[in-house]
Amino acid sequence: MVDKNRETFSGKLGFILACLGSAVGLGNIWMFPWRLGKYGGAAFLIPYFIFVFTLGVTGLTGEFAFGRSKKAGSLKGIRDVFKEKKLPFGKFVSIVPTLAVAGTLIFYSIVAGWVIRYFCTSLKGNFNSLDIPSYFNSFVGSKESIAWHFLAMAIIVGVVILGVTKGIEKINKIIMPSLFFIFIILMIRTLTLPGAIDGVKYLFVPDWSYLFKPITWVMALGQAFFTVSLNGAGMVVYGSYLKKDEDILSSVVNIAIFDTISALLASLIIIPAAFAFGLDQSAGPSLLFITVPYIFKSMPLGYIFSILFFISVVFAAISSGINMLEASSEAFIAQFKMKRSKSVVIVGAIAFILGIALDIDMAKFGACADFVTIYLAPIGAMVTAIVFFWVYGTDNALQDINEGSEKPLGVWFKPVAKYLYIFGVAAVLVLGIIYNGIG
Ligand code: TRP
């Protein structure tokens, strides 16, 4: 049964910005800059571009087209394909991608809470008087973070409840352009700091020897996969609100390009500034929550720039969380036939309550984040891809992808989707297990 009255994005721009909201997240801010510098500077960009524009673009194209064709998120979409083909276990298989996206919501909303707290600290101008490492370490993993986690989830719920056009599209139309605008201002500020040029060199002078190291390719692969939010559910649900006459491929290319630009801007903000102040740039939480506040502490007019920086990180985190909650609640609606508002509140509340155990225990937090990113997300992406490209079939898939497209994809796309992409996702899974996390 195809849902004829399903809400849609108002147009291509709204769709692209909502998807960018999902794609531009903490991965762009706390992982990409560090990896770019660490794995050979500009040399890293080569495998990164290759993977984003093959694996990433194919994956996004497939997820959007699947959602649009079934007018459903991955839970119902997969079930419908299984029913059509009279295959067993559709109910069971269809849950996997949804679990991946819901699992991501559980730990991501916690970090969104930390970011909101940092934004508030920057508003009060408190970084100046704080010992930042002990501030961060005493707060994460403690009860104090629960309230911020709650606030983050409440904001996400508040937006998703309003629906696709009035909530998701509207907020992303405001915050995504603002994020880019702020990033450009911040980049100009940090690049004009004395000594910043060394950071630019560190980022962009290529060390080609890294192209011969497997780790460079492995990290570029993981980054490319995570940054475009592939997990078999998140992007499917946004695709399900896309009109038939919109051009999927051109939207996908825009999303990939702007997502990459945002990651490059984040790199040009953080790394040169860290060099200018002689700070160590490690990856992950400490880059964002310890190094960055130091930068603003040391910078003239740092008060204002820290507010701008952390509000844009709040935008990045919340807009990704919105996609995760939308995908999870849409599945809940499909399963339990409940009203949107009720489902969104229930799913948000469950994700928040489950997350409390991680709020107060950083070991559990790490274990959950690893489990979701190493296993669930690649397996979820794999399930959706196999169902769309193999079970539903590449002939049908290609037809759906090309609907509304000015430059239809040729038949060459079929083996790319059916073999290359599936192989790429399998590589993300296997390498993630071997390297203990690459996304
Ligand atoms: N792309 C986001 C980032 O770079 C994170 C992300 C991964 C995500 N999987 C997702 C966002 C699923 C929304 C839905 O941080």
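In terms of numbering that gives the first Met the number 0, the sequence shown has 31 at position 32, counting the first letter as 1, and numbering is strictly consecutive.
Heads up, the beta-carbon is just placed ideally off N, CA and C, and yes, glycines get one too.
Sorry if obvious, but does the Cβ on Ser266 come closer than 7 Å to a heavy atom of the ligand TRP? In the sequence shown, the residue the question calls residue 266 occupies position 267. Not so, every heavy atom of the ligand TRP lies at least 7 Å from the Cβ.
Please work out which residues of its chain come closer than 7 Å, Cβ to Cβ, to Asp206, disregarding the five sequence neighbours upstream and downstream, and give them in chain order. Reading the sequence shown from its first residue, position 207 is the one you call residue 206. These residues qualify, in order along the chain: Gly39, Gly40 and Ala42.
Relative to the ligand TRP, is the shortest distance from any of its heavy atoms to the C-beta of Thr226 smaller than 7 Å? In the sequence shown, residue 226 corresponds to position 227, counting from 1. Because some heavy atom of the ligand TRP lies under 7 Å away, the Cβ of Thr226 counts as near it: yes.
If you scan the region 222-253 from start to end, which runs of the alpha helix (DSSP H) of 4 or more residues do you find wholly inside it? 233-238
Going by DSSP in three states, Ala282 sits in which element: helix, strand or coil? For the purposes of this step, residue 282 is taken as residue 283 along the sequence shown, with counting starting at 1. Coil, per DSSP.
Beta-carbon proximity list for Phe118, same chain, < 8 Å, skipping 5 on both sides: Sequence index remark: in the sequence shown, residue 118 carries index 119 (1-based). Only Ile306, Phe309, Ile310, Val312 and Val313 meet the Cβ criterion.
Roughly how many angstroms separate the alpha carbons of Val56 and Phe224, rounded to a whole number? Here residue 56 is taken as the residue at index 57 of the sequence shown, counted from 1. Here residue 224 is taken as the residue at index 225 of the sequence shown, counted from 1. Computed Cα separation, rounded: 10 Å.
Could you compute how far the alpha carbon of Gly162 sits from the alpha carbon of Val346? By 1-based counting over the sequence shown, the position of residue 162 is 163. By 1-based counting over the sequence shown, the position of residue 346 is 347. Those two C-alpha atoms are separated by around 15 Å.
Minimum C-alpha distance to Thr383 - residue among Gly26, Ser73 and Met30: Looking up residue 383 in the sequence shown gives position 384. The shortest Cα separation from Thr383 among Gly26, Ser73 and Met30 belongs to Ser73.
Which residues in the same chain as Leu219 place their Cβ atom closer than 7 Å to its Cβ, once the five residues preceding and following it in sequence are excluded? By one-based count along the sequence shown, residue 219 stands at place 220. Residue identity differs from the one stated: residue 219 is Ala in this sequence, not Leu. Cβ within range, chain order: Phe43, Pro46, Tyr47 and Phe50.
Contact between the region 247-254 and the region 183-200 (3+ Cβ pairs under 8 Å): no
Can you tell me which of Thr53, Val429, Asn395 and Ala282 puts its alpha carbon nearest to the alpha carbon of Glu83? To locate residue 83, count along the sequence shown from 1; it is residue 84. If we check each option's Cα against that of Glu83, Asn395 comes out closest.
Quick check on Thr60: does DSSP put it in helix, strand or coil? Working through the sequence shown from its first residue, we reach residue 60 at position 61. In the structure shown, Thr60 sits in a helix (DSSP, three-state: H, G or I).
Separation of Ser108 from Ile196, as counted between CA atoms: Position 197 of the sequence shown, counted from the first residue, corresponds to residue 196. Position 109 of the sequence shown, counted from the first residue, corresponds to residue 108. So the two alpha carbons sit approximately 35 Å from each other.
Between the beta-carbon of Gly124 and the beta-carbon of Tyr374, is there less than 8 Å? Here the question's residue 124 lines up with position 125 in the sequence shown. Here the question's residue 374 lines up with position 375 in the sequence shown. Against a cut-off of 8 Å, the Cβ pair of Tyr374 and Gly124 comes out as no contact.
Closer than 7 Å: is that where the CB of Ala146 sits relative to any heavy atom of the ligand COA? The ligand COA is not part of this structure, which contains only the ligand TRP.
Have a look at Ile421 and Gly61 and give me their C-alpha separation to the nearest angstrom. As a position in the sequence shown, residue 421 is number 422, starting the count at 1. As a position in the sequence shown, residue 61 is number 62, starting the count at 1. Approximately 11 Å between the Cα atoms of the pair.
Determine the extent of the alpha helix (DSSP H) in which Leu430 is found, giving its start and end residues. Taking the first residue of the sequence shown as position 1, residue 430 is located at position 431. It spans Ile421 to Tyr434 - the alpha helix (DSSP H) in which Leu430 sits, taken as one unbroken run.
heavy atom of the ligand TRP below 7 Å from Val100 C-beta: Working through the sequence shown from its first residue, we reach residue 100 at position 101. Yes; taking the cut-off as 7 Å, the Cβ of Val100 has a heavy atom of the ligand TRP nearer than that.
Helix, strand or coil at Asp369 [DSSP, three-state]: Within the sequence shown, numbered from 1, the residue matching residue 369 stands at position 370. If DSSP states are grouped into helix, strand and coil, Asp369 belongs with the helices.
Thr53 by DSSP, collapsed to three states: which one? As a first step, residue 53 must be located in the sequence shown, where it is residue number 54. Helix.
Distance cut-off 7 Å: Gly24 Cβ against heavy atoms of the ligand TRP: The sequence position of residue 24 within the sequence shown is 25, counting from 1. Correct: Gly24 has its Cβ closer than 7 Å to the ligand TRP.
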